[in-house]
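Novice: Just so you know, we're using this note's numbering here: the sequence shown kicks off at 48 and counts up by one.
For glycine and all other residues, C-beta sits at the position ideal for the given N, C-alpha and C.
Here the structure is a predicted model, which is why all the values come from computation and not from measurement.
Attaching a single structure in structure tokens format; questions to follow.
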Amino acid sequence: MPFHWLHSRLYYELFSPQQPPLLSIHPSIPVCSSSSISPPSLSPQHSLSQYSLAVKRGEIEQLEKVAAAEERKLTHAEQFLEDDAIIFDQFLKENDKNSVEAIKVAELETKVKMEKMSEIKRITTRMVTIKSDISKFEDIMKEFKMHKEFLFKLSPLEWQEAHRAKAKTLKLKSATKDKPKEKDKDERATPKRRTSMCSFLVSLSSVCGVCCPLQEDPELYFRDPRQLLELLTELEEQNLSLIQNSRETEDAQEEFRQVMDYNRKKMEVETNQLTQQIDIMTHTIHRERERAAELELRARLFNFGKYKSDDKGMFDSLGAKVEEVYRVCVGDSEANLSTLQMLKAIESRLDELLENVEIVPKERLVLAERAKEKERRFRLRDEKMHQDKQHQEERLKRALERAQADVKKTVSHTICLNTTPLQSYSPKISV
Numbered sequence: 048m049p050f051h052w053l054h055s056r057l058y059y060e061l062f063s064p065q066q067p068p069l070l071s072i073h074p075s076i077p078v079c080s081s082s083s084i085s086p087p088s089l090s091p092q093h094s095l096s097q098y099s100l101a102v103k104r105g106e107i108e109q110l111e112k113v114a115a116a117e118e119r120k121l122t123h124a125e126q127f128l129e130d131d132a133i134i135f136d137q138f139l140k141e142n143d144k145n146s147v148e149a150i151k152v153a154e155l156e157t158k159v160k161m162e163k164m165s166e167i168k169r170i171t172t173r174m175v176t177i178k179s180d181i182s183k184f185e186d187i188m189k190e191f192k193m194h195k196e197f198l199f200k201l202s203p204l205e206w207q208e209a210h211r212a213k214a215k216t217l218k219l220k221s222a223t224k225d226k227p228k229e230k231d232k233d234e235r236a237t238p239k240r241r242t243s244m245c246s247f248l249v250s251l252s253s254v255c256g257v258c259c260p261l262q263e264d265p266e267l268y269f270r271d272p273r274q275l276l277e278l279l280t281e282l283e284e285q286n287l288s289l290i291q292n293s294r295e296t297e298d299a300q301e302e303f304r305q306v307m308d309y310n311r312k313k314m315e316v317e318t319n320q321l322t323q324q325i326d327i328m329t330h331t332i333h334r335e336r337e338r339a340a341e342l343e344l345r346a347r348l349f350n351f352g353k354y355k356s357d358d359k360g361m362f363d364s365l366g367a368k369v370e371e372v373y374r375v376c377v378g379d380s381e382a383n384l385s386t387l388q389m390l391k392a393i394e395s396r397l398d399e400l401l402e403n404v405e406i407v408p409k410e411r412l413v414l415a416e417r418a419k420e421k422e423r424r425f426r427l428r429d430e431k432m433h434q435d436k437q438h439q440e441e442r443l444k445r446a447l448e449r450a451q452a453d454v455k456k457t458v459s460h461t462i463c464l465n466t467t468p469l470q471s472y473s474p475k476i477s478v
């Protein structure tokens, strides 16, 4: 303790001969001046001892006062420290208490949260099951509606129209009945409640309209299942016949497609051949025109204007026949072809037809020959009838001319020979 330390220090300073007297032990302790102590009237050594003892006693008193003050301060400090320790203990206890309460509250909140989460999971699973049930019921309802629509379409048209009219009247009646009820409810309800009630009624009416429209009882035309069975059997037979017809149509369409492909390929080949023939004929026409010009020039040089009308008529009739055969076999030609070119085209067409005869089926060939033979017989008969008619008309014409002709008298006369020589005709040729 500080008090014991001060006593030991003072004793050391008082009885130590080597140390000078202690003038000031502590800065806060005042030092007694030598003037305040009156020297005794003794010997100097004794006076000095008395003086030093008085000084030491004053210092001891001062030190005791300081020690007492320090002890009081220390006591106050210890009291403050104890108070602080008590306050700190109370704080720790309060903190522990608060932490325990916080832990309890956290545990309670965690428990409530877990219960809420389990409730949410349970409600979610229930919602999922309800949604699955709703989707399943919607599928069942769609299937039932499809069956209802199918049965409704199978019923007669008169019954369908009557059923539609009945449903329309029921809808109008239900609408007129619901209007006053909704008006009374709206008048009684508050504005907030009115809006919520309106939304609820709208949603409820939509749900009711989907689930059970107008709350009407289902009505069917068919009373006996056998009627429906007979109708379905009849429809099945019609479907089978339609399927058979569609298959036959598809087969015919496929056959027609094959024929079209064959004809298209054939026409392409014919087009190529005709293009080649056109090129050949164009070259031949050009060559024949040059040859005709040369022959015309030679005819002018060597015939000297001689003209044979009989030969020209025969050639004209022959050319007309060739042109007629060309039109029948090949077709009308836009270009003015010569008789020789027509004969070449007829010959190429005949070769092509002879080649195609081998491809044509025998049945079709026999039918075509029969048709041609029949056509030929009809044509010969018509020509014979026409010729007979012409001969008869010519005979009647000649008989009529003989009947109307005047009678001429025959007069004899002498035959005079012309002795003048014939002059040869030499045409002028311009070079």
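Have a look at A124 and F135 and give me their C-alpha separation to the nearest angstrom.
Specialist: For this step, residue 124 is matched to residue 77 along the sequence shown. For this step, residue 135 is matched to residue 88 along the sequence shown. So the alpha carbons of these two residues sit roughly 16 angstroms apart.
Novice: To the nearest angstrom, how far is the alpha carbon of R449 from that of K368?
Specialist: The sequence position of residue 449 within the sequence shown is 402, counting from 1. The sequence position of residue 368 within the sequence shown is 321, counting from 1. One C-alpha to the other measures close to 35 angstroms.
Novice: Between the Cα of L384 and the Cα atoms of H330, I181, E117, T122, which residue gives the shortest distance?
Specialist: Here residue 384 is taken as the residue at index 337 of the sequence shown, counted from 1. Ranking the options by Cα distance to L384, first place goes to H330.
Novice: Please state if the CB of A392 and the CB of M328 are separated by a distance shorter than 9 angstroms.
Specialist: Along the sequence shown, read from residue 1 onward, the residue named residue 328 stands at position 281. Along the sequence shown, read from residue 1 onward, the residue named residue 392 stands at position 345. Yes, Cβ-Cβ distance for M328 and A392 is below 9 angstroms.
Novice: Roughly how many whole angstroms lie between the Cα atoms of R479 and R374?
Specialist: As displayed, the chain neither begins before 48 nor continues past 478, which places residue 479 out of reach and without an answer.
Novice: Quick one: Cα of K215 to Cα of E208, how far?
Specialist: The sequence position of residue 215 within the sequence shown is 168, counting from 1. The sequence position of residue 208 within the sequence shown is 161, counting from 1. Rounded to the nearest angstrom, the two C-alpha atoms are 11 angstroms apart.
Novice: Determine, using beta carbons only, whether L278 and F269 come nearer to each other than 9 angstroms.
Specialist: Numbered from 1 along the sequence shown, position 231 holds the residue referred to as residue 278. Numbered from 1 along the sequence shown, position 222 holds the residue referred to as residue 269. The answer is yes: Cβ separation under 9 angstroms.
Novice: Do E371 and T386 have their beta-carbon atoms positioned less than 9 angstroms apart in this structure?
Specialist: Here residue 386 refers to the residue found at position 339 of the sequence shown. Here residue 371 refers to the residue found at position 324 of the sequence shown. Contact: no.
Novice: Where does C110 sit, in a helix, a strand or coil, going by DSSP?
Specialist: Along the sequence shown, one-based indexing puts residue 110 at 63. One detail in the question is off: residue 110 reads as Leu in this sequence, not Cys. In the structure shown, L110 sits in a helix (DSSP, three-state: H, G or I).
Novice: Helix, strand or coil for L267? Go by DSSP, reduced to three states.
Specialist: Translated into positions along the sequence shown, residue 267 becomes position 220. In the structure shown, L267 sits in coil (DSSP, three-state: anything other than H, G, I, E or B).
Novice: In the DSSP assignment, find the unbroken alpha helix (DSSP H) run with L401 in it and report its ends.
Specialist: Here residue 401 corresponds to residue number 354 of the sequence shown, with the count starting at 1. Where L401 is concerned, the enclosing alpha helix (DSSP H) stretches over 386-404.
Novice: How many Å lie between L321 and E315 at the Cα?
Specialist: Here residue 321 refers to the residue found at position 274 when the sequence shown is read from its first residue. Here residue 315 refers to the residue found at position 268 when the sequence shown is read from its first residue. Straight-line Cα distance between these residues: approximately 10 angstroms.
Novice: Helix, strand or coil for P203? Go by DSSP, reduced to three states.
Specialist: To locate residue 203, count along the sequence shown from 1; it is residue 156. Correct three-state label for P203: coil.
Novice: What is the DSSP secondary structure of D379, counted as helix, strand or coil?
Specialist: In the sequence shown, residue 379 corresponds to position 332, counting from 1. D379: coil per DSSP, three-state reduction.
Novice: Can the beta-carbon of L204 be found closer than 9 angstroms to that of L275?
Specialist: Against the sequence shown, residue 204 aligns to sequence position 157. Against the sequence shown, residue 275 aligns to sequence position 228. It is not a contact, given that the beta carbons lie outside the stated cut-off.
Novice: For the alpha helix (DSSP H) that contains V413, what are its first and last residues?
Specialist: The residue you call residue 413 lines up with position 366 of the sequence shown. Counting along the chain, the alpha helix (DSSP H) containing V413 begins and ends at 409-451.
Novice: Can you tell me whether M432 is buried or exposed, with buried defined as 16 or more other CB within 10 angstroms of its CB?
Specialist: Translated into positions along the sequence shown, residue 432 becomes position 385. M432 is exposed by the Cβ-count criterion.
Novice: In whole angstroms, what separates the C-alpha of Y98 from that of L128?
Specialist: Residue mapping note: residue 98 aligns to position 51 of the sequence shown, counting from 1. Residue mapping note: residue 128 aligns to position 81 of the sequence shown, counting from 1. For Y98 and L128, the distance between alpha carbons rounds to 44 angstroms.
Novice: Under three-state DSSP, which class holds S90?
Specialist: Position 43 of the sequence shown, counted from the start, is the residue given in the question as residue 90. Three-state DSSP puts S90 in coil, outside helix and strand.
Novice: Let me know if Q388 comes out buried or exposed under the rule of 16 or more other beta-carbons within 10 Å of its beta-carbon.
Specialist: Along the sequence shown, read from residue 1 onward, the residue named residue 388 stands at position 341. Q388 should be labelled buried.
Novice: Roughly how many whole angstroms lie between the Cα atoms of E335 and E341?
Specialist: Mapped onto the sequence shown, residue 335 falls at position 288. Mapped onto the sequence shown, residue 341 falls at position 294. Each residue's Cα considered, the two are about 9 angstroms apart.
Novice: Classify A114: buried if its beta carbon has 16 or more other beta carbons within 10 angstroms, exposed otherwise.
Specialist: Within the sequence shown, numbered from 1, the residue matching residue 114 stands at position 67. Buried, because 16 or more other Cβ atoms sit within 10 Å of the Cβ of A114.
Novice: Please report the straight-line C-alpha distance between Q434 and D298, rounded to a whole angstrom.
Specialist: Counted from its first residue, the sequence shown places residue 434 at position 387. Counted from its first residue, the sequence shown places residue 298 at position 251. Rounded to whole angstroms, Q434 to D298 spans 51 angstroms at the Cα level.
Novice: In or out: V407 buried (at least 16 other Cβ within 10 Å) or exposed?
Specialist: Here residue 407 refers to the residue found at position 360 when the sequence shown is read from its first residue. Exposed is the call here.
Novice: Using only CA atoms, which one of L365, F362, E394 lies nearest to C376?
Specialist: For the purposes of this step, residue 376 is identified with residue 329 of the sequence shown, where counting begins at 1. For the residues L365, F362, E394, the minimum Cα distance to C376 belongs to E394.
Novice: In whole angstroms, give me the CA-to-CA distance for E343 and Q323.
Specialist: Locating residue 343 in the sequence shown gives position 296, where the first residue counts as 1. Locating residue 323 in the sequence shown gives position 276, where the first residue counts as 1. The straight-line gap from Cα to Cα measures roughly 29 angstroms.
Novice: Verify the CB distance criterion: does E315 have a CB-CB separation below 9 angstroms to chain C?
Specialist: Among the chains of the structure shown, chain C does not appear; only one protein chain is present.
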